[in-house]
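Asks:
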Amino acid sequence: MEQVNPTRMELIKKNAQIKLAEQGRDLLREKMDALIQEFFNIMESVSRSREELEVVASSAQRSLLTALGVDDSVTLKSASFATQKGLLIDIKGKNIMGVPVPILEKKRVTKSVLERGYSIIGVSGRIDETAEKFEMELDLIIGLAETETALRRLGGEIQMTRRRVNALEQVLIPELRKQAKYIENTIDEREREDLFRLKKVKKIIERRKKAI
Amino acid sequence: MVDWGIPIGAGIAFGLGAIGTGLAQSKIGSAGAGTVAERPETFGLMVVLVAIPETMVILGFVVAAMLMIMLK
Amino acid sequence: MVVRVEYDYVNARIKGMKSCLLNTSVFETLILKPDVESIITEMGNTAYKDEIEKASVQYSGIRCIEVALRKDFTNAFRKILGYTKGDTAEKYLKILLSRWDVQNIKTVLRGKNIHVTSAEILECLVPAGELDDMTLTEMINQPDVKAVIDLLATWGIEYSKPLTRHVKEYVEKRDLAVLEYAIDRFYYENALHAVQGDSYDDSLIKDMVSTEIDVTNIKTVLKMIRDKIETEEAQMFLIEGGRSLGSEKLVAMIRTGTLEGAIKHLETTPYHFLSKLAGEGKVGMISVYEKELEKYLIKRGISRFFGDPLSIAIAIGYIWAKYNEITNIRIIARCKTADIPEKELRGELVYV
Amino acid sequence: MLQKMKKVQVIGPKKDLQHVVDVLYHSGTVHLEDVSKTILPGDTLLRRMDTEKLGDIANILVKIGGIFLALPKIKDDPLKQAQICDTLLKKSHQELVAEANRVIEELESTTKNFAINKSNLEFDLNRLAKTEKIVERIRPLESQIPVLEGFEITFLIVQREFRDALEHLRNALIEITRNQFEMQSEPGDEETLISIIIFNRKYSEHVHSYLFAQNINEVRMPQEFEGKPFSQVLQLIEERRKKDFEEMAATDEQLLKLSTERYQELAVLKKVLEDRKEEESVYAKFGQTEYTFVILGWVPKKYLQRTKEALKDTFGNRIIVNELLESPDKKDEPPTFYDNPAIIKPFEFLMQMVSPPKYREIDPSPLIALFFPIFFGLMVGDIAYGAIILVFALIMKKKYKTELWLQNLMNILVISSIPSIFFGWFFGEFFGNFGEKMGWIHPITFMGVTWNRIDALVPLLMLAIAIGVFHVFLGLFLGIINALAKNSKKHAIEKAGMIIVITGLLLVIAGTAKLIPAILVQPGIVMIIVALPLIIYGGGFFGAFEIMSTVGNILSYARIMAIGMASVVLALVANQLGGSMEVALVGFLIAALLHILNIILAMFSPFLHSFRLHMVEFNSKFFEGGGKIYKPFCKGKEGG
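Chains as they are written, first to last, in this note's numbering: chain A, 21 to 232; chain B, 5 to 76; chain C, 7 to 358; chain D, 22 to 661.
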């Protein structure tokens, strides 16, 4: 506190700083509100797709089980050889309130029976359905990956903003206020001192006048 | 001059019975062998089954013997 | 006298083998068992004892059961084939056997296509067919798809023909399915070709093969409709030689564009039972139809037991019954691994 | 007689289990049932007894079986085996398992390696044979093309339908190799052409990648032969084959050596372990709760008290024996316990060969014991034959004491030979008509007939049929009793109807044949008409067909006479042929030979047919079978 110059000039400066900080805080608050709103929007869609994923996954698991039971595991594995291919996904980005969010270029993984690489004559419908359900699951997972990443980024951003707001509100602004108050006090004190001194001087002058 | 009719008749009666039994037993026998190979516990039953067609040759023999003895 | 295969001995043995199939009460106990381990124990009391014991040395759990079942099935097949060695009946059994050859060749080709390790391919083979272990191992040792086909040709194995015929197309399209279709189709054509005669045995096998073609075609049609594939393209995947469904009928089915419509076409055929299913609100799932069709096929196969007792009918009936049994056991065991409730488990089984 | 069985449940504290099992084992009265079959799913209280011990024995046995399979078989050496067996039996369970594991450890990897090695060699030989065949097929082409340094030779197989692919290939090769190549084609078989191309090695990659996409197959050789001239390849194959064979022989020899060293030990170990497993498997039949065990079993009623007391004496009130009520459903069928006097025992064996009776059925074995020897005797009917069979059976019995089944069969023969001798006296036969010719014996005249089997053909036939009628009626009568015991009135009525119809038929036939007063024909007809509805009610319309088969069954008893006849005729022929010989010795030899043949036949044929008459004609009238045999838990499991 010592480094503050208790001058009027300084006070004006501090007051300006306080105003700026308050403005910034308000702005950040607004941003946070917006982010939170966006966050909940995405959150809703994520939980929806999560539920969907669970349903699809359990039904895929079930199909797999049936196929394993009826068609024997080696047949299934053999069929899986036919369809083993890599999966290419393009990733782009977009901005939500300054937060970079990925967008996965969706090439649908779900294929028609003719695209799976095995002959449909020789592969049972169970295996086919199992493949299809897992492809659906994969589609969902990819979609979910996109939204979940966005969600995580947004969450991070919200937290950061909140920290900033807090810093402004609880540290910076009170500090500035304190300083301004101090300057004000100091200036007041000094003024009172001056007044008193002036009065004292006046008294001395008057006494001298009488003495003469 | 011997009367050949009776012995020939008896021979036919016996022979045909024997052929019939043989045919039947060959089939039953090979099937029986198959069954016993797969399930040894059926051996007793198979013996009986194989013996069943023997009725034919026995009846053939009865007829033949009757021809020979009674028409003498 | 007509010279025929000596079926009396063979069929008596097969009937003996049939009597070793599990009866319903054993199935009930299996279904009621709480887990896979207790199923293994229970199977130790059945005809599967030997194979279960052998497999349990190497594997445990579901793997043990699967290996034992596979082995037992192969053994049963080999046993029957052993009786008919040199007989004309061998021809019929080989038709049934070549199913595994086709499957094995496909597996090897698929594995080679994506460069799976040899050990992994070997694990997926079921050497129940004519291609023995040696041939299969040599096939796996080849570097690529074409080399496998070349090897088949070099050794004069007939499957090389349809494969070679389509190599060019495969290379152009880079699509293994081309080769798979070729060999699948070849299997059916070959089977039908082998039973051109008019003996009882020939007609019996022909009936089975053509019924199978029908079933396969119906499945194909349903899949095509569901995935909305153009009629012209879909037509290419149909197989000639069905029992009661000609290609015209099948095309008409595809043209309807809906599963219900297609199934309506089947009403006058032996496959009318599918239309009953359509009303039950399970539409859309091909596997539901497929299950019914397979049930039909299995029932038809097993019913051969009541055919001429001195013909190939008995062997066919047995093989289907055995197949059915093994599938059922596998389903039970699989369901136990995932704690499927008993009621749903029963739904999956194919009781005949 | 079949014994009444009681189902019992023995419950006690777990610590006494071993002891209780011992006591039960010594009392030898309990037929154990598998408790685990009665455990309901979801029953957490009662569990199957743990049998971990069994698990490791089973595993060891499988492994030993595997080793056994790999080793060549060597003759059993009973002396040595007994020695090893003694030492093994002294060991405790743990020691035995340890011993077995030690043996497995020593041998398994070795035998496995040998086996793998052998199968690999077979594999290789197989492959060589295949390769050789291909080489032989395409070798002729090779000679047409010069072998050049730096050039590559490739063989092609072309389906005839793709013949024009060869033309394309030629064009492509011209382009790739700038016309520096050689190409020859020749028919391979009906469907294929074989081609050879030779080109500079620097174009190799190019050419092969072209071939890859064509409808042409390259000949694939095993890698080690790739690119070598065929003469060399053939030579290599020959060398390899020789080496393989040598290796195979060496492996075999080593296996044989191993076998001579260890076979006896392994064989005994396997047997001991198998016994142990059998003993242990008993435990798998018990149930257990937290602190108690449950044993379920059947005890014959007459042994029940004894068994209970035995348990009570040792354990006091700690062990509870519950008598369970019999549940009426089929699942709970008690075991069948034959308890017949020794003379009937062998005939139980006959019954078991087909199917033991069910618990609630009448045991046919005493009846078989009565009729079987009579039928046999009637068919053989020769004093000398009977005596010879008796002696033969006694000798066989003495010689093969351990073969249980043979003992049973021989006992039957001994019992059956007695009536044979009796009927021999009755028919006056001693080696056929030999005795009569010698004036030693004569056929007995009884009921106005002289029972000489050759002359008294018709009376004998009548006798046989009469026996048939009696036997079948007896069977039907037993059928009624069985049906009533099983509460199936329909069957009882059907059988009763059958008796009446057959009686009626007999009256009609006998009446029309004037064997009995003709007045009896009408009552006969009436009986048929009255009883027919009974049969149809009881057995449906197919029941009516049963009448025909029953009549056939009765006629089937004619075989008693016919087989007897055949025996006599063969004996006569023997005597006549023997007697007609000029030289007495030759005649004697021929006669003896034929008689021996006849005796062998006489042992076999009457036996079989007597058996058959019981199983087919008699038992079908009442017998159902399919019971399980009472096997008490005691020493000598084969007892049965």
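Think of the CB as a built atom: it goes at the ideal place given N, C-alpha and C, for glycine as much as any other residue.
1) Against chain D, does G36 of chain B count as a neighbour if the rule is that its beta carbon must be under 8 Å from one of theirs?
2) Check whether the stretch 234-250 of chain D and the stretch 81-100 of chain D touch, using three or more Cβ-Cβ pairs below 8 Å as the test.
3) Touch check for the stretch 49-63 of chain B and the stretch 288-306 of chain C: three-plus C-beta pairs under 8 Å?
4) Against chain C, does E155 of chain A count as a neighbour if the rule is that its beta carbon must be under 8 Å from one of theirs?
5) Mind checking which residues open and close the alpha helix (DSSP H) that includes N186 of chain A?
6) Is it true that the stretch 87-102 of chain A meets the stretch 117-131 of chain C, where meeting means three or more beta-carbon pairs spaced less than 8 Å apart?
7) Around the Cβ of V9 of chain C, are there at least 16 other Cβ atoms within 10 angstroms (buried) or fewer (exposed)?
8) Could you tell me the alpha carbon to alpha carbon distance between E54 of chain D and V67 of chain B, rounded to whole angstroms?
9) Helix, strand or coil for K96 of chain D per DSSP?
10) Under 8 Å between C-beta atoms, does V52 of chain B make it to chain D?
11) Can you tell me whether K234 of chain C is helix, strand or coil according to DSSP?
12) Could you work out which residues of chain D lie near T59 of chain B, taking near to mean beta carbons separated by less than 8 Å?
13) What do you reckon, are the CB atoms on F407 of chain C and I162 of chain A nearer than 8 Å?
14) What are the boundary residues of the alpha helix (DSSP H) that N330 of chain C is part of?
15) On a CA-only basis, which of A:M117, A:T167 and A:E42 is nearest E195 of chain A? Give me that one, please.
16) Near G660 of chain D, which residues of its chain fall below 6 Å by C-beta distance, leaving aside the five closest residues on each side in sequence?
17) Can you find the residues in the same chain that come closer than 8 Å, C-beta to C-beta, to I85 of chain D, ignoring five residues on each side of it along the sequence?
18) Tell me, to the nearest whole angstrom, how far the beta carbon of F307 of chain D is from that of M26 of chain D; I am working on the premise that it is less than 8 Å.
19) Please confirm if the stretch 573-591 of chain D is in contact with the stretch 481-489 of chain D, defined as three or more CB-CB distances below 8 Å between the two stretches.
20) Between D:A506, D:F494, D:K507 and D:I502, which lies nearest to T524 of chain D when the distance is taken from Cα to Cα?
21) What's the C-alpha gap between E121 of chain A and L177 of chain D?
22) Quick check: L256 of chain C and V294 of chain C, are their CB atoms within less than 8 Å of each other?
23) Is I620 of chain D closer than 8 Å to I409 of chain D when the C-beta atoms are compared?
24) So, for R28 of chain A: in the same chain, excluding its five sequence neighbours on each side, which residues have a beta-carbon less than 7 Å away from its beta-carbon?
25) Please state whether DSSP places K222 of chain A in a helix, a strand or coil.
26) How far does the beta strand (DSSP E) with E54 of chain D in it extend, from its first residue to its last?
27) At which residues does the alpha helix (DSSP H) containing E515 of chain D begin and terminate?
28) Return the CA-CA distance between L346 of chain D and E34 of chain C, expressed in angstroms with no decimal places.
29) Identify the contact partners of M145 of chain C in chain B, using a Cβ-Cβ distance below 8 Å as the criterion.
30) Where do the N-terminal and C-terminal ends of the alpha helix (DSSP H) with M29 of chain A fall, by residue?
31) Once DSSP output is grouped into helix, strand and coil, what is the label at M7 of chain C?
32) Taking 8 Å as the CB-CB cut-off, is V32 of chain C touching chain B?
33) Quick one: which chain D residues come within Cβ less than 9 Å of V177 of chain C?
34) What are the boundary residues of the alpha helix (DSSP H) that includes V257 of chain C?
35) Would you kindly report the start and end of the unbroken beta strand (DSSP E) that includes S132 of chain A?
36) From the beta carbon of A79 of chain D, is the nearest beta carbon of chain G less than 8 Å away?
Replies: Working from what's here:
1) Indexing the second sequence from 1 puts residue 36 of chain B at position 32. With 8 Å as the cut-off, G36 of chain B does not count as an interface residue toward chain D.
2) The stretch 234-250 of chain D, when compared against the stretch 81-100 of chain D, does not touch it at the 8 Å Cβ threshold.
3) With the cut-off at 8 Å, the stretch 49-63 of chain B and the stretch 288-306 of chain C do not touch.
4) As a first step, residue 155 of chain A is located in the first sequence; it is residue number 135 there, counting from the start. Not a single CB atom of chain C sits nearer than 8 Å to the CB of E155 of chain A.
5) Counting from 1 along the first sequence, the entry for residue 186 of chain A is found at position 166. Under the DSSP assignment, N186 of chain A falls in the alpha helix (DSSP H) whose first and last residues are G145 to N186.
6) yes
7) In the third sequence, counting from the first residue as 1, residue 9 of chain C sits at position 3. Unreliable placement is indicated for V9 of chain C, whose pLDDT of 43 sits below 50; the coordinate value is still reported in the next sentence. With fewer than 16 Cβ atoms within 10 Å of its Cβ, V9 of chain C is classed as exposed.
8) Position 33 of the fourth sequence, counting from 1, holds the residue named residue 54 of chain D. Position 63 of the second sequence, counting from 1, holds the residue named residue 67 of chain B. For E54 of chain D and V67 of chain B, the distance between alpha carbons rounds to 55 Å.
9) Indexing the fourth sequence from 1 puts residue 96 of chain D at position 75. Three-state result, K96 of chain D: coil.
10) Here residue 52 of chain B refers to the residue found at position 48 of the second sequence. It does; some Cβ of chain D falls within 8 Å.
11) By one-based count along the third sequence, residue 234 of chain C stands at place 228. In the structure shown, K234 of chain C sits in coil (DSSP, three-state: anything other than H, G, I, E or B).
12) Taking the first residue of the second sequence as position 1, residue 59 of chain B is located at position 55. Ordered by position in chain D, the residues that pass the 8 Å Cβ test against T59 of chain B are S577 and R580.
13) Outside the displayed span of chain C (7 to 358) sits residue 407 of chain C, for which this structure offers no information.
14) Mapped onto the third sequence, residue 330 of chain C falls at position 324. Residues A319 to T343.
15) Within the first sequence, the letter at position 175 stands for residue 195 of chain A. Nearest option by C-alpha distance: A:E42.
16) In the fourth sequence, counting from the first residue as 1, residue 660 of chain D sits at position 639. Low confidence applies to G660 of chain D: its pLDDT is 35, below 50, so where it sits in the model is not reliable enough to give any reading.
17) What you label residue 85 of chain D is simply residue 64 of the fourth sequence in a count that begins at 1. Cβ within range, chain order: A121, V124, I125, L287, L290, K291 and L294.
18) As a working note, residue 307 of chain D is residue 286 in the fourth sequence. As a working note, residue 26 of chain D is residue 5 in the fourth sequence. Not confirmed; about 20 Å, so no contact.
19) yes
20) For the purposes of this step, residue 524 of chain D is taken as the residue at position 503 of the fourth sequence. Looking at the Cα atoms, D:F494 is the closest of the given residues.
21) On the first sequence, residue 121 of chain A is found 101 positions in, with the first residue counted as 1. On the fourth sequence, residue 177 of chain D is found 156 positions in, with the first residue counted as 1. Contrary to the premise, residue 121 of chain A reads as Val rather than Glu in this sequence. For V121 of chain A and L177 of chain D, the distance between alpha carbons rounds to 59 Å.
22) Taking the first residue of the third sequence as 1, we reach residue 256 of chain C at position 250. Taking the first residue of the third sequence as 1, we reach residue 294 of chain C at position 288. Contact flag unset, no.
23) Sequence index remark: in the fourth sequence, residue 409 of chain D carries index 388 (1-based). Sequence index remark: in the fourth sequence, residue 620 of chain D carries index 599 (1-based). Going by C-beta atoms, I409 of chain D is nearer than 8 Å to I620 of chain D.
24) Locating residue 28 of chain A in the first sequence gives position 8, where the first residue counts as 1. Cβ within range, chain order: I207.
25) Along the first sequence, one-based indexing puts residue 222 of chain A at 202. Residue state, collapsed to three classes: helix.
26) One-based indexing of the fourth sequence puts residue 54 of chain D at position 33. H52 to E54 is the extent of the beta strand (DSSP E) around E54 of chain D.
27) The residue labelled residue 515 of chain D in the question sits at position 494 within the fourth sequence. Here the alpha helix (DSSP H) through E515 of chain D covers K510 to T533.
28) Looking up residue 346 of chain D in the fourth sequence gives position 325. Looking up residue 34 of chain C in the third sequence gives position 28. Distance between the alpha carbons of L346 of chain D and E34 of chain C: 25 Å.
29) In the third sequence, residue 145 of chain C corresponds to position 139, counting from 1. The premise fails here: M145 of chain C is roughly 35 Å from chain B at the closest Cβ pair, so nothing lies under 8 Å.
30) Here residue 29 of chain A corresponds to residue number 9 of the first sequence, with the count starting at 1. M29 of chain A -> alpha helix (DSSP H) spans R28 to D91.
31) As a working mapping, residue 7 of chain C is identified with position 1 in the third sequence. Low per-residue confidence applies at M7 of chain C: pLDDT is 36, beneath 50, and the placement is therefore not dependable, though the value from the model is reported in the following sentence. Here M7 of chain C carries a coil assignment [DSSP, helix/strand/coil].
32) The residue labelled residue 32 of chain C in the question sits at position 26 within the third sequence. Not an interface residue.
33) The residue given as residue 177 of chain C occupies position 171 in the third sequence. Those within 9 Å of V177 of chain C in chain D are F233, A234 and Q235.
34) Here residue 257 of chain C refers to the residue found at position 251 when the third sequence is read from its first residue. Segment S253 to T262, the alpha helix (DSSP H) holding V257 of chain C.
35) For this step, residue 132 of chain A is matched to residue 112 along the first sequence. From DSSP, S132 of chain A is part of no beta strand (DSSP E); its letter is neither H nor E.
36) In the structure shown, chain G does not exist; the protein chains are A, B, C and D.
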